[in-house]
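Residue numbers (the working numbering), protein chains in the order written: chain A, 286 to 753; chain B, 286 to 753; chain C, 286 to 753.
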Amino acid sequence: MKLTDPNRLFPVDPQQRDLACALYSSVSDLPILSPHGHCDPRWFAENVRFSNPADLFVVPDHYVFRMLVSQGVSIADLGVPRVDGGPVETDPRKIWNRFAGAAKLFRGTPTALWLDHSFEHVFGIDQILNEATADVIYDQIQAKLATDAYRPRALFDRFNIELLATTEGALDDLRWHRDIKNSGWQGKIVTTYRPDAVVDPEFDEFKQNIIELGEITGEDTTTWQGYLAAHRARRAFFKTFGATATDHGHPSAATANLDDEDAGALYAIILSGDFTTQHAEKFRGQMLTEMAKMSLDDGLTMQIHAGSRRNHSSDVFTQFGRDKGFDIPGRTDYVAALKPLLDAVGMEPDLTIILFTLDETAYARELAPLAGAYPALNLGPPWWFFDSFEGIKRFREATTETCGFYNTAGFNDDTRAFCSIPARHDVSRRSDSAYLSTLVSTGRLREADAFEVAHDLAYGLAKTAYNL
Amino acid sequence: MKLTDPNRLFPVDPQQRDLACALYSSVSDLPILSPHGHCDPRWFAENVRFSNPADLFVVPDHYVFRMLVSQGVSIADLGVPRVDGGPVETDPRKIWNRFAGAAKLFRGTPTALWLDHSFEHVFGIDQILNEATADVIYDQIQAKLATDAYRPRALFDRFNIELLATTEGALDDLRWHRDIKNSGWQGKIVTTYRPDAVVDPEFDEFKQNIIELGEITGEDTTTWQGYLAAHRARRAFFKTFGATATDHGHPSAATANLDDEDAGALYAIILSGDFTTQHAEKFRGQMLTEMAKMSLDDGLTMQIHAGSRRNHSSDVFTQFGRDKGFDIPGRTDYVAALKPLLDAVGMEPDLTIILFTLDETAYARELAPLAGAYPALNLGPPWWFFDSFEGIKRFREATTETCGFYNTAGFNDDTRAFCSIPARHDVSRRSDSAYLSTLVSTGRLREADAFEVAHDLAYGLAKTAYNL
Amino acid sequence: MKLTDPNRLFPVDPQQRDLACALYSSVSDLPILSPHGHCDPRWFAENVRFSNPADLFVVPDHYVFRMLVSQGVSIADLGVPRVDGGPVETDPRKIWNRFAGAAKLFRGTPTALWLDHSFEHVFGIDQILNEATADVIYDQIQAKLATDAYRPRALFDRFNIELLATTEGALDDLRWHRDIKNSGWQGKIVTTYRPDAVVDPEFDEFKQNIIELGEITGEDTTTWQGYLAAHRARRAFFKTFGATATDHGHPSAATANLDDEDAGALYAIILSGDFTTQHAEKFRGQMLTEMAKMSLDDGLTMQIHAGSRRNHSSDVFTQFGRDKGFDIPGRTDYVAALKPLLDAVGMEPDLTIILFTLDETAYARELAPLAGAYPALNLGPPWWFFDSFEGIKRFREATTETCGFYNTAGFNDDTRAFCSIPARHDVSRRSDSAYLSTLVSTGRLREADAFEVAHDLAYGLAKTAYNL
């Protein structure tokens with residue numbers, strides 16, 4: 286049996302469905318541009334086999350394991366590594382069986398769509414995963430993983446990925462990217478400059494990170510000018526490994542535009558370690574503006590991912606560390622927050638700043654009006670919890686009428702789950718085709734234009750926004 | 286003529302409608318679980334007849350009379366009793382006629398659906414209520430009310446209610462529940478522990494309430510430990526009348542987790558009467574955490590109804606008192622607010638905390654991510670203004686993709702309008718069937734699973750969440 | 286070819302579409318009531334020809350030019366006049382060609398719908414505007430503009446406008462309205478009292494404005510009583526030019542209700558010039574309550590347009606001044622903000638206060654519950670960015686279930702783009718017909734009632750709310 290419906294996500298009205306299907310068919314074979322995500326470059330540098338289904342689908346994917354946790358499964362029983370040295374399940378088959386037994390929790394979620402798509406289209410599975418089929422499917426996937434056709438590079442080619450951007454911290458030596466480059470393999474994998482650990486004073490080991498930043502760049506990071514120069518040096522270094530963008534994960538969208546003297550004084554306070562949360566917020570905000578100004582010089586597209594309240598559960602953070610499904614969105618203001626940055630560089634036509642939000646209320650009220658006015662601003666696609674059929678629908682419905690399609694930046698999969706990449710782009714292309722067919726059938730868009738827009742949403746806009 | 290459309294609330298596409306209808310048919314005859322509401326237990330204890338149509342449908346229902354007030358009818362003219370002793374209309378037929386003459390105000394509202402459903406299915410009315418038909422319909426209902434088949438217990442049975450929970454304050458002697466128990470009648474009516482009046486320092490007569498709490502429990506409520514012991518005693522007492530849950534109506538979702546010493550000191554400040562609004566907020570927040578910890582011990586499910594700005598109009602409050610349709614929702618933060626409580630007990634798999642909101646923006650941004658991670662959290666159904674077709678649709682669309690169905694708690698009617706109970710559960714079952722059929726017809730849910738989910742939403746989830 | 290689809294905005298299901306079409310047909314020929322907008326009364330006083338297509342469609346319309354700006358076109362290149370004396374494009378054909386070349390930016394926006402409607406129905410254009418057709422269409426429009434049939438008064442008649450309200454500042458001498466009155470032309474054009482410039486202490490030239498207000502009224506505006514008397518005088522003066530309403534554009538919905546002494550003291554602080562932003566906010570809030578009280582006396586309907594963060598870009602404001610597409614909505618609280626005003630006059634059945642919002646999250650959470658309770662409150666139609674198909678849909682879906690249709694105030698076009706008036710009312714009538722047909726086909730509204738409601742939404746409610 287088929288795990289996925291060939292008409293999934295399309296409107297049900299026959300005429301609308303036909304048009305959605307035609308739009309989708311016109312873009313479904315386009316190569317995948319993945320200009321923002323969290324795949325591990327090491328996979329492609331070493332090209333070793335993925336070890337087992339649990340390590341591929343469950344253990345590293347907080348979308349998956351936190352859902353089981355929400356219904357009482359302990360995180361440790363799902364094999365998620367601990368930072369406190371406590372014991373965790375090590376038998377991948379047991380982990381897999383726990384996951385399979387809880388499949389009903391995912392009903393109606395994008396995770397279910399992605400998993401079914403991967404099972405069917407990547408691994409050729411034709412049974413529904415549940416307690417009864419868990420072992421058989423485990424064995425089928427395991428057998429495939431043992432073959433060369435399922436090594437990372439082979440999958441990369443098979444997924445028709447034209448470009449994949451990974452995300453590395455400012456201090457990363459990019460050794461895996463170097464190895465990929467030296468390997469002679471032609472897959473296009475580029476890095477992205479993500480300097481949070483040397484920009485956010487509240488980051489673990491911030492002070493040590495700044496020292497290290499000085500060491501690897503030869504700049505004097507005890508001074509404001511030296512610190513900025515070190516960033517410039519690292520950005521240039523990242524560009525040599527294909528980076529076309531930076532990325533900034535901040536708790537809020539606050540920006541600042543202090544003059545050089547005040548910024549230097551703030552930096553001194555930060556370095557002293559004797560700073561308040563207000564100082565930290567101001568400094569992060571100042572650095573967004575500094576990064577934007579550097580982007581004006583070096584052409585890197587700037588991404589701002591704002592609004593996640595990270596590590597909400599103290600216990601989970603203490604035991605398991607970051608990125609364990611306990612990052613919760615909060616209200617995020619953009620209008621006042623971005624004003625300093627926008628007053629500095631917002632009217633620059635050659636700058637591209639892509640905004641992402643976890644607060645959907647900002648789409649229509651703040652983000653679309655801002656992106657529909659400032660030349661430097663683009664809207665990123667629905668992020669994280671909102672990378673889903675309903676999320677994409679709400680995004681388009683809330684933003685298109687105010688800023689159109691051409692102030693948006695195409696699709697990002699933003700994933701660390703490699704096998705879900707085709708599934709995620711597929712959901713995006715289908716959801717956009719559904720939306721466009723609705724516009725056409727209600728007289729809000731001409732059919733010929735819809736085909737052009739579908740192509741732009743699936744491919745062209747990402748290419749432009751990220752200078753690919 | 287029929288007052289209600291047999292296909293109401295189903296999708297219009299024929300295939301989708303057929304599936305929605307099939308899903309609905311599979312659950313429409315399930316017994317009603319009503320684990321949270323505000324019916325008066327005295328009705329069932331005394332089993333006396335309801336006096337007249339106005340007293341049944343208009344006077345006690347703020348959904349109804351505030352709509353007339355919004356268009357200029359005075360509250361007094363609708364017979365709503367005053368707390369200031371002023372005169373009000375006493376002729377039920379006049380009240381009924383005012384109501385009937387304003388029927389157009391309810392067009393497109395769930396109130397209209399509920400009323401039509403009650404008129405047609407409970408009272409056998411077959412004419413549309415308006416000025417011309419007001420008297421006839423009044424007489425028809427009045428005639429029915431005079432019969433034994435329309436006494437509260439008979440209606441309870443006819444409504445196929447398996448369990449009805451009422452809500453009583455911590456100081457209530459539960460005499461009506463005792464009378465029901467002693468009556469030999471088999472209808473299952475349970476109480477719910479709602480301690481707002483002894484938890485909220487800003488409640489009317491708070492200080493007197495605390496004294497009374499001490500008297501009826503024999504605990505020394507002038508001390509923090511005695512006060513907590515008194516709560517434990519009352520919870521145990523409520524359990525003897527079937528309580529499986531507590532309920533907490535707070536202006537915000539703020540929680541606190543002070544240590545014993547600090548909590549005791551705060552209690553002393555509160556008891557002194559010399560406290561600030563910040564003290565009051567902190568105390569309410571501390572008590573939510575205390576209640577959650579007691580729930581860990583005694584197994585009562587905990588409900589939090591946060592975010593209503595009660596008694597918005599000073600004049601209406603002064604003249605008519607509480608619950609008169611002038612409670613207005615406000616923005617409510619959950620992420621920071623719940624962190625102290627969740628750090629204390631959020632990872633407990635055996636605890637159930639059900640969150641309700643009047644701020645729909647929190648569904649996708651805060652509540653679904655929280656409920657999709659913390660084992661202790663469940664999401665309650667759309668509450669109050671959002672207990673409606675569009676409200677349920679928005680709730681499902683905003684939460685399912687992130688926390689699925691199994692972190693939600695089934696339906697609550699939450700009503701004091703007894704005759705609307707079947708109508709409200711019907712709207713809920715229809716709305717969910719409509720949603721599920723949409724998921725199936727767009728390839729997001731398997732048809733067999735949809736039937737299982739429909740049953741869980743209509744019955745199973747409430748049973749589990751409330752330990753029924 | 287037709288530029289617009291005769292079935293645009295209707296549902297796609299054939300039965301639903303037929304009903305939507307029937308509802309629309311029943312109201313499409315109703316005269317236009319335009320009780321709030323920003324057309325220039327001078328057009329109708331002088332009745333001179335519009336000069337060229339660019340000056341009609343591009344240069345004065347910030348909906349249009351800010352979209353081009355967002356994609357890198359400079360504002361000056363679109364002929365928008367500067368306040369700093371810098372050079373701007375003066376060739377209307379070049380402006381038109383830039384606009385035409387960027388037509389794809391408007392795909393999916395209401396602007397595209399309005400433009401196509403104007404081109405087709407007002408100017409008889411039958412080609413799609415793009416780079417290739419720009420010149421031909423320019424010439425076609427230009428030729429029409431040269432004829433008498435395209436003078437303002439002729440278009441006013443042809444548009445079937447029953448009444449058009451313009452908006453003038455408190456200091457305006459209303460000379461164009463006087464000229465219209467004296468001209469003998471029968472077109473009904475009335476003014477609206479908009480006193481922001483003499484109410485908002487942060488307005489440019491506020492102090493000078495207050496002096497001027499004293500001069501033209503003969504009141505002593507250096508005293509609080511004199512200042513209030515001056516307002517009363519101007520309101521009376523505006524009424525002689527047909528005003529039935531006032532309008533208030535405030536950054537927030539904050540209100541205050543100080544006693545006379547405190548209000549006088551606050552006014553003194555404001556007049557001294559030595560005030561804080563808190564003083565300014567309080568004063569604006571006090572004036573909303575004063576205006577509401579005056580409305581109780583003189584019967585003027587009161588409009589509150591709250592929540593725009595005006596002139597977000599400092600550069601654009603410095604170079605081009607106000608109303609240039611850089612006004613960005615922000616979060617707006619209504620519940621606490623309006624309480625002082627509502628405690629003062631909210632229960633008055635003879636007062637009409639129409640609330641507008643740019644924060645859609647307030648629809649269901651705050652505005653519908655407020656309007657569904659207080660007799661004095663009505664909800665205005667979706668404003669600005671939300672005057673669109675999706676915006677209207679969200680408004681109806683979020684408000685109807687709580688406050689019904691009869692606490693809303695009909696449609697406003699709120700435009701300065703005269704030729705878009707028929708298009709905007711058409712979108713509104715179609716969108717409401719679509720919504721109503723959905724209610725009927727899902728059993729939430731009776732078909733006969735839907736026709737009555739359609740008429741009220743298109744005509745009756747505005748007539749009542751604005752005392753027309």
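Think of the CB as a built atom: it goes at the ideal place given N, C-alpha and C, for glycine as much as any other residue.
Fair warning: this is a prediction, and the values are worked out from it, not measured in the lab.
Neighbours of Met632 of chain A in chain C, taken as residues at a C-beta separation under 8 Å, are given in chain order as Ser598, Asp600, Val601. Burial is judged here by how many other beta carbons sit within 10 angstroms of a residue's own beta carbon; Lys287 of chain B has fewer than 16 and is exposed.
Residues of chain B whose Cβ lies closer than 7 Å to the Cβ of Asp644 of chain A are, in chain order, Arg650. Look at Pro296 of chain C: its C-beta is under 9 Å from a C-beta on chain B. Two segments are said to touch when three or more pairs of C-beta atoms, one from each, lie closer than 8 Å; by this definition the stretch 396 to 407 of chain A does not touch the stretch 666 to 682 of chain B. Residues of chain A whose Cβ lies closer than 9 Å to the Cβ of Gln300 of chain B are, in chain order, Val297.
Three or more beta-carbon pairs drawn from the stretch 364 to 381 of chain A and the stretch 595 to 608 of chain A are found closer than 8 Å, and the two stretches are therefore classed as touching. Excluding its 5 nearest sequence neighbours in each direction, Arg351 of chain A has C-beta neighbours in its own chain below 6 Å: Gly610, listed in chain order.
At least one CB of chain B lies nearer than 9 Å to the CB of Tyr691 of chain C.
Residue pairing by DSSP places Val475 of chain C opposite C:Ala450 in a beta bridge.
By the CB criterion at 9 Å, His597 of chain B and Ala528 of chain C fall outside the cutoff. When secondary structure is reduced to three states using DSSP, Asn382 of chain B falls in the helix class. Rounded to the nearest whole angstrom, the CA to CA distance from Arg383 of chain B to Ala649 of chain C is 27 Å. Secondary structure at Asp711 of chain B: helix, using DSSP grouped into helix, strand and coil. If you draw a straight line from the Cα of Asp544 of chain A to the Cα of Phe641 of chain A, it comes to about 27 Å.
Here His347 of chain B is actually not in contact with Asp699 of chain B; their C-beta atoms are around 13 Å apart, not less than 8 Å.
Here the stretch 490 to 504 of chain B makes no contact with the stretch 462 to 479 of chain B; the two share fewer than three CB pairs at distances below 8 Å. Think of a sphere of 8 Å around the beta carbon of Asp628 of chain A: the chain C residues whose beta carbon falls inside it are Ser598, Ser599, Asp600, in chain order. Sequence-distant Cβ neighbours of Asp442 of chain A in its own chain, meaning closer than 8 Å and more than five residues away, are Gly472. CA-CA distance, Asn292 of chain C to Ala656 of chain C, rounds to 33 Å.
Apart from the 5 residues on each side of it in sequence, Asp433 of chain B sits with its Cβ closer than 7 Å to the Cβ of Ala439 in its chain, given in chain order. By the neighbour-count criterion, in which a residue is buried when 16 or more other Cβ atoms sit within 10 angstroms of its Cβ, Thr525 of chain A is exposed. Bridge partners of Asn663 of chain B according to DSSP: B:Ile639. At a cut-off of 9 Å between beta carbons, Tyr751 of chain A makes no contact with chain C.
The distance from the Cβ of Thr586 of chain A to that of Ala750 of chain A is about 6 Å, consistent with a contact at the 8 Å cut-off. Shown here for Ala702 of chain A: same chain residues with a beta carbon closer than 6 Å to its own, the five before and five after excluded, namely Asp346 in chain order.
For Leu398 of chain A, the chain B residues whose Cβ falls inside 9 Å of its Cβ are Gly728, Arg729, in order along the chain. In the assembly as shown, Ala431 of chain C is an exposed residue. Its beta-carbon has fewer than 16 other beta-carbons within 10 Å.
Under the Cβ distance rule, Glu374 of chain B does not count among the residues neighbouring chain A, no pair being separated by less than 9 Å. Close to Leu390 of chain C, with beta-carbon spacing below 7 Å, are these residues of chain A in chain order: Gly689, Tyr691. Counting only runs of 4 or more residues that sit fully inside the stretch 329 to 365 of chain B, the alpha helix (DSSP H) segments are 338 to 342, 347 to 355, in chain order.
Just measuring C-alpha positions, the residue of A:Gly689, A:Glu651, A:Ala653, A:Gln563 sitting nearest Asp741 of chain A is A:Gly689.
Closest by C-alpha distance to Leu652 of chain B, out of B:Arg709, B:Asn697, B:Ala591, is B:Ala591.
Across the set B:Pro437, B:Val358, B:Asp325, B:Asp547, the C-alpha of B:Asp325 shows the shortest separation from the C-alpha of Gly454 of chain B. Taking 8 Å as the upper bound for CB-CB distance, Ala305 of chain A and Pro299 of chain A are not in contact here, some 11 Å apart. As the crow flies, the alpha-carbon of Ala538 of chain A is around 10 Å from that of Lys624 of chain A.
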